[in-house]
């Protein structure tokens with residue numbers, strides 16, 4: 001088992017070392033006083049304005065994430081209560097890092 005762990009650690013070190021040579025990074029900084037959209041779009045040309053996104057796509061994403069979003073506008077009391085009940089019933093901490 002120790003050999004497997006040692007081999008895994010060595011492989012991970014090699015992968016992370018090699019990836020630093022393979023992955024290209026952009027070291028340019030953005031000027032806060034200039035238009036950020038212009039700076040970003042100069043390097044990446046596939047951004048579109050929010051108005052150009054089809055409403056069907058927006059509604060599909062919202063429906064997948066939270067099907068009651070348009071009825072509660074951001075804070076779903078029913079889902080919050082259900083999560084609270086599940087945590088208390090399961091004797092798990094309500095705040096996961098405690």
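Numbering (UniProt numbering), first residue to last: 1 to 98. By construction, the Cβ of each residue, glycine as well, lies at the ideal position given by its N, Cα and C atoms.
Item checked: CB-CB length for residue 66 against residue 76, believed under 8 Å -> 7 Å
Note to self: Any beta carbon of chain C sitting closer than 8 Å to that of residue 16?
What the structure shows: Absent from the structure is chain C; it holds one protein chain and no more.
Check: From what residue to what residue does the alpha helix (DSSP H) around residue 65 run?
Finding: 55-65
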